[in-house]
Ligand code: GUN
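In our numbering, the protein residues as written are 1110 to 1406.
Okay, here's the thing in structure tokens:
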């Protein structure tokens, strides 16, 4: 193996420490803690784990956590009423409605109901528009975490060729926008891309967010490139009955060629909640009209 390992777990710990400092200063100035509300509808086990971890880390950073757990058969109107109440609550700086929602609800309608200035997920069309036009808003947590790791490793990204594999609203598209803003030359590849290995071979930066276990092979990677693996895929393990987590990148072959690479687990994964808390402390300062050097967090 030749690649440097990009330690997202360690970076996320440092980020949470900086957030905790800002959260303490915010509470002293505002006379209240910054607050994050998380809404969970139904009993999806993976979502329950995410929500529990978000709540724990919010409190550990010195912020207030408000959890709203609603039954799976809650009506869309009742969920919208909860969102409206959170929009109006001055103790709530950030609102996150855990996705996916049950099938009888329209996710776009629910996201559209969130006040864009409390939309710490960055999913509201107003924040999507702000990102694409370069206005201050909120950026989805996972791609923002990827850019933080890239800048920490490489410094300026100016002029670099970046290939994003995946075009989802949550990762691929905002990732491309962020890399454009960093003056990269960006290609967005996806399942219909012709000759994906050849496209990936041009890239100084490869961001894999397709949800296909170990799809990106070492032979596709330009020697010395930086590889960011957003994938979290559970596959059968070597032992009977055991499973293991793998990314969208074949780590064994890619780490022999890349200059730097994120592992799975311990790369991009730990960044997502840390960036959510970063967005929340940013929201709190904006909502109270308090100064904060957002680029230094
Ligand atoms: N479900 C899985 N990841 C996310 C996320 O980042 N935000 C929300 N709201 N739901 C999710």
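Glycine included, C-beta positions come from ideal geometry on N, C-alpha and C.
{"Query": "Just to check, is the beta-carbon of residue 1279 closer than 8 Å to a non-hydrogen atom of ligand 1?", "Result": "yes"}
{"Query": "For residue 1343, list the residues DSSP reports as bridge partners.", "Result": "1354"}
{"Query": "Do residue 1131 and residue 1385 count as a contact pair if the criterion is CB distance below 9 Å?", "Result": "no"}
{"Query": "Among 1293, 1353, 1198, 1325, which residue has its Cα nearest to the Cα of residue 1264?", "Result": "1293"}
{"Query": "Curious, which full-length alpha helix (DSSP H) runs of at least 4 residues does the stretch 1221–1304 contain?", "Result": "1234–1242, 1250–1263, 1281–1290"}
{"Query": "Residue 1364 and residue 1328 - do their beta-carbons sit closer together than 9 Å?", "Result": "no"}
{"Query": "Assuming contact is defined by CB atoms lying nearer than 9 Å, are residue 1317 and residue 1375 in contact in what I supplied?", "Result": "no"}
{"Query": "Note down the Cα distance separating residue 1354 from residue 1378, rounded to an integer number of angstroms.", "Result": "11 Å"}
{"Query": "At a cut-off of 8 Å, would you count residue 1357 as near ligand 1, judging by its Cβ distance to the nearest heavy atom?", "Result": "no"}
{"Query": "Helix, strand or coil for residue 1187? Go by DSSP, reduced to three states.", "Result": "helix"}
{"Query": "Measure from the alpha carbon of residue 1243 to the alpha carbon of each residue in 1289, 1230, 1266, then state which is nearest.", "Result": "1289"}
{"Query": "For residue 1202, is the beta carbon positioned less than 8 Å from some heavy atom of ligand 1?", "Result": "no"}
{"Query": "Comparing C-alpha positions only, which one of 1321, 1391, 1172 sits nearest to residue 1343?", "Result": "1321"}
{"Query": "In angstroms, rounded to a whole number, what distance separates the CA positions of residue 1236 and residue 1221?", "Result": "11 Å"}
{"Query": "By the 10 Å Cβ neighbour count, where 16 or more other Cβ atoms means buried, how is residue 1286 classified, buried or exposed?", "Result": "buried"}
{"Query": "Classify residue 1399: buried if its beta carbon has 16 or more other beta carbons within 10 angstroms, exposed otherwise.", "Result": "exposed"}
{"Query": "Are the CB atoms of residue 1336 and residue 1383 within a distance shorter than 9 Å?", "Result": "no"}
{"Query": "Locate the alpha helix (DSSP H) running through residue 1177, then write down its first and last residues.", "Result": "First-last for residue 1177: 1173–1179, but that is the beta strand (DSSP E), not the alpha helix (DSSP H)."}
{"Query": "Does the beta-carbon of residue 1217 have 16 or more other beta-carbons within 10 angstroms, so that it is buried, or is it exposed?", "Result": "exposed"}
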